[in-house]
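Going by the UniProt record's numbering, the sequence shown opens with residue 1, and the numbers climb by one from there.
No residue lacks a Cβ here, since even glycine has one placed at the ideal position from N, Cα and C.
Note that this is a predicted model, so its numbers are computed, not measured.
Quick notes on the structure that follows.
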Amino acid sequence: MLVATASISLLGLAAAHIGCSGHNIARRNIGGEHNVIYDKRQVDGSNVDVAAECAPYSYAPMANSKPKYPSIWVQPAALVPGDTEAAALFATINATVAQKVPNSNSPHGTLKGDWAGVNYPPGDADCWWTQTRCTTPAASLGLQPDITNLPEPETWGLGFDDGPNCSHNALYNFLQTNNQKATMFFIGSNVIDWPVQAIRARDDGHHICVHTWSHPYMTALTNEQVFAELYYTRQVIKEVVGVTPTCWRPPYGDVDNRVRVIASALNLSNVLWKNDTFDWSVGTNNITAADVTNNYQKIITAAGQGQYATQGLTVLNHEINNFTMQEFIEQYPNIKGAFKHIVPLSAAMNWTHPYVEQNYTFQSFDEYVAGTPASGAAAASSDAASGSASGAAGSGTGTASGAAASAASAKASSKPSSAGVTRPAAGVLVVAIAAALLL
Ligand SMILES: [Zn+2]
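Encoded structure:
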């Protein structure tokens, strides 16, 4: 456990990454403008050739959208000039920050996690997880505790950070074959680069959360930059995928009360983790694939010893590269053998309506583990299998989602029967007013 009383401990931590390593994401997963323009590019799950999957493309429904967003992979994001809507919302939230955490010690350090010279006072007034593993902000702030443990025992909360990855079809196919849903923490810059891959997550019935725009250490940012990292990621997921997430995960777990207040004002619950597979760390500090396998085994062994007999755990996995995805695939049978349930966080937390758009209904925990469709949805489960057709209409804009609709529908018959998500028919869609739910 680190002691957050002096800059010495901060220096020590700066050298050891915590959580996912964003620094290689852009190099590994870079997209960008190309002459190839897809306006009806299929969500082709049969394509698992990495080179083909990762050939950059321009996505016609987003062709005119990029100016609305910060530049991709430029740390940190900031308000886009001329975006009066975002600026107005930020002004409101900034006033809330000033009221709730007027004496915050942050920003601190750099967006690469260098805290040299930072002298964080004893007492942890900011509930800075990176320094003290604090997950429970002072009650006076009115914030929910960060999510690490899960209420259901012997349950592995499954999530993947840092996507969408251009070459994730093999992983997503594996999940589909095993009728396994997960929570995907998407990076806004990756959604810009790989929109069709992002859409597949929705079509496969996965649960989508925010993982910032450019993957910085969030507590190092100004209020505006924190806002922009979250706001624009949420916006691009809405535009491309058609849903507005209500959860997020801070890169490296770097969160404090100031960041929590801003995220909460954007209606985003903070999801941390209980255990880290450290899959992201292979190749750093002489860490090998065997080390990661051993990390998985430790969690699995602990489960066998009854460590999770009273509560479940959120585990850190990544779709950051082919190793992390393949390692999960290989460990999946072992996880299944040691845990009673492997569930997405939506099910683990009984978030049956995890998006602002209330027409998306996910399975409760009981429904998920029983393999029964989500209750309370107007549509039959067959609609869930068809996926994106109704989802596009439900987006409120119906822009990007529509392009993938025909392809996904054509694939529907081959999908498992329980997609985990049901949506009403387009004629009875209720378009939620996102602004009403923001504060
Ligand atoms: Zn990450």
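{"Check": "Beta strand (DSSP E) segments (min. 3 residues) lying fully within the stretch 294-355", "Outcome": "312-318 and 341-344"}
{"Check": "Opening and closing residue of the beta strand (DSSP E) in which residue 162 lies", "Outcome": "155-163"}
{"Check": "Inter-residue spacing [alpha-carbon to alpha-carbon] between residue 1 and residue 300", "Outcome": "Because residue 1 carries a pLDDT of 31, less than 50, the predicted location of this residue cannot be relied on, and no value is offered for it."}
{"Check": "Rounded C-alpha distance that separates residue 222 from residue 207", "Outcome": "29 Å"}
{"Check": "beta-carbon residue 215 near ligand 1 non-hydrogen atom, thresh 7 Å", "Outcome": "yes"}
{"Check": "Residue 367 classed as buried or exposed, judged by whether at least 16 other C-beta atoms fall within 10 angstroms", "Outcome": "buried"}
{"Check": "Spatial neighbours of residue 355 in its chain, beta-carbon cut-off 6 Å, leaving aside the 5 residues before and after", "Outcome": "243 and 244"}
{"Check": "8 Å contact criterion, which residue 65 and residue 239 should meet: CB distance rounded", "Outcome": "6 Å"}
{"Check": "Helix, strand or coil at residue 278 [DSSP, three-state]", "Outcome": "coil"}
{"Check": "Contact test: residue 245 Cβ vs ligand 1 heavy atom, cutoff 7 Å", "Outcome": "no"}
{"Check": "Option in 82, 51 and 56 with minimal Cα separation from residue 195", "Outcome": "56"}
{"Check": "Buried versus exposed, by CB contacts within 10 Å (16 or more), residue 63", "Outcome": "exposed"}
{"Check": "Nearest candidate by alpha-carbon position, reference residue 173, set 47, 340 and 263", "Outcome": "47"}
{"Check": "Identified DSSP bridge partners for residue 189", "Outcome": "In DSSP, residue 189 forms no bridge with anything."}
{"Check": "Reduced DSSP secondary structure (H/G/I, E/B, other) of residue 23", "Outcome": "Residue placement at residue 23 cannot be trusted, given a pLDDT of 35 that sits under 50; what the coordinates show is reported in the next sentence. Note: residue 23 maps to helix in three-state DSSP."}
{"Check": "Residue of 363, 234 and 254 minimising C-alpha distance to residue 190", "Outcome": "234"}
{"Check": "Any non-hydrogen atom of ligand 1 closer than 7 Å to residue 441 Cβ", "Outcome": "A question about residue 441 goes unanswered here, because the residues of the chain that appear run from 1 up to 439."}
{"Check": "Coil, strand or helix - residue 149 by DSSP", "Outcome": "strand"}
{"Check": "Residue 49 classed as buried or exposed, judged by whether at least 16 other C-beta atoms fall within 10 angstroms", "Outcome": "exposed"}
{"Check": "Among 340, 211 and 218, the one whose alpha carbon lies nearest that of residue 449", "Outcome": "Lying outside 1 to 439, the shown extent of the chain, residue 449 is not represented and no answer is given."}
{"Check": "Start-end ranges of the alpha helix (DSSP H) lying completely within the stretch 69-110, minimum 4 residues", "Outcome": "84-100"}
{"Check": "Identified DSSP bridge partners for residue 166", "Outcome": "Residue 166 pairs with nothing; no bridge assigned."}
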